[in-house]
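In what follows, a structure is listed as structure tokens, so that the remarks can point back to it.
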Amino acid sequence: MHRVLITGASGGIGRSLRESLGGIYPVLRLSDRVPLAAARDREEVDCTDLADMAGVERIVAGVDGIVHLGGISGEDRWEAILQSNILGTYNLFEAACRAGVKRIIVATSNHAVGFYPRDQRIDHRVVPRPDSRYGVSKAFAEALASLYADKHGIGFLCTRIGNFGPKPIDKRRLSIWISPRDYAQLVRIGLEHPDIRYEIVYGVSNNRRSWYDNSNAERLGYRPQDESEPFAEAVLAAEAGQSHDPIAERYQGGTFCAAEYSALEPPP
Ligand code: 15L
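If you're matching positions, the sequence shown starts at 1 in the numbering used here and goes up one per residue.
Here it is as structure tokens:
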């Protein structure tokens, strides 16, 4: 890997990877639709909207691997999701294919499978159960990655990220938290592992309360360094006595499941 492109580089995960991957790969190309901090040594910076194919063709030129974080990172209007997450991801994979990019790490999300109940442990083989239009766009990204892997031979690591941050912020996040250094480790596996064709893994730390069987990530060499349990007592104490929406409580996607919910019977 000589030149690695990060899309969505101005977001929280992008800023963190800018630090942790800088110095590992000879050139980091950073792109976002909003302006980024000026390029430092061994960096290239570009301002591009992924919905603009000409701009996307420009940012993928000469790139060996991509970390695709770009797009809307939560629920939104369909029109916005369509432009940023659906069209933007299509443009990126198509342009990357034409440019001969070999590896793409996809930031998908726990919300691609958010309607699985919390009492069910799921692995990378379950069918998607999106909990939102946003979750549908992540399931779309996973399906599109599968197409470009099978038909065009690009290697994809789809990381279903739980919740990225310095520490878990509530009870639900105790089950899905991932620390910055654990996510950086997963991204490096995606870029450097010699045998990746199409893989789905969960982007979570070593959490005792996890809802995921992440054996596929372990098989690829992932050894998370962090866990949520040391934060549990403080997190649970802060939430004590709070009432929760029953749909949000029942399913892994939490409030994403409860938002706009109108079914008469809760799904299984
Ligand atoms: C996500 O996919 C979002 O990008 C992030 O903002 C959080 O909402 C996270 O999921 C979560 O489920 O906590």
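Ideal Cβ placement from N, Cα and C applies to all residues, glycine included.
- Message: With a threshold of 7 Å between beta carbons, is residue 100 in contact with chain B?
- Response: Of the chains in the structure shown, none is chain B; there is only one protein chain.
- Query: Among 113, 56 and 75, which has the Cα closest to the Cα of residue 88?
  - Reply: Of the candidates 113, 56 and 75, 56 places its Cα closest to the Cα of residue 88.
- Item | Cβ separation of residue 106 and residue 156, assumed to be a contact under 8 Å, to the nearest whole Å | At roughly 6 Å, the Cβ-Cβ gap stays under 8 Å, so residue 106 and residue 156 are in contact.
- Message: Rounding to the nearest angstrom, what Cα-Cα distance links residue 80 and residue 135 in this structure?
- Response: Rounded to the nearest angstrom, the two C-alpha atoms are 13 Å apart.
- Query: Using the C-alpha atoms, what's the distance from residue 259 back to residue 132?
  - Reply: Looking at the two C-alpha atoms, the distance is approximately 8 Å.
- Query: Along the chain, where does the beta strand (DSSP E) that runs through residue 44 open and close?
  - Reply: In the DSSP annotation of this structure, the continuous segment of the beta strand (DSSP E) that includes residue 44 starts and ends at 43-47.
- Verify whether the separation of the beta carbon atoms of residue 42 and residue 27 is less than 7 Å. Yes, these two residues count as a Cβ contact at 7 Å.
- Within the present structure, is the beta-carbon of residue 73 separated from the nearest heavy atom of the ligand 15L by less than 6 Å? Flag set: Cβ of residue 73 near the ligand 15L.
- Message: Our contact map puts residue 122 next to residue 213 with C-beta atoms below 8 Å; I'd like the distance itself, whole angstroms only.
- Response: Residue 122 to residue 213, Cβ: 7 Å. Contact.
- Task: List in chain order: all unbroken beta strand (DSSP E) runs of 3+ residues lying wholly within the segment 94-166.
- Result: Listed in chain order, they are 103-109 and 155-161.
- Task: Would you kindly check if the distance between the Cβ of residue 77 and the Cβ of residue 252 is under 7 Å?
- Result: No, the Cβ-Cβ distance between residue 252 and residue 77 is not below 7 Å.
- Item | Closest Cα partner of residue 67 within the set 7, 85 and 211 | It is 7.
- Going by other Cβ atoms of all chains shown within 10 Å of its Cβ, with 16 needed for buried, is residue 34 buried or exposed? Label assigned to residue 34: exposed.
- Message: Is any non-hydrogen atom of the ligand 15L found closer than 6 Å to the C-beta of residue 91, if you look at the structure I gave you?
- Response: With a cutoff of 6 Å, residue 91 does not count as near the ligand 15L, since its C-beta is closer than that to no heavy atom of the ligand.
- Best match in 192, 161, 220 and 50 for proximity to residue 202 [C-alpha to C-alpha]: It is 161.
- Task: Identify, in the order they occur along the chain, each residue of the same chain with its Cβ nearer than 8 Å to the Cβ of residue 261, setting aside the five sequence neighbours on each side.
- Result: Closer than 8 Å at Cβ, skipping near neighbours: 247.
- Local conformation of residue 354 per DSSP, three classes: The chain is shown only over 1 to 268; residue 354 falls outside these bounds and no answer can be derived.
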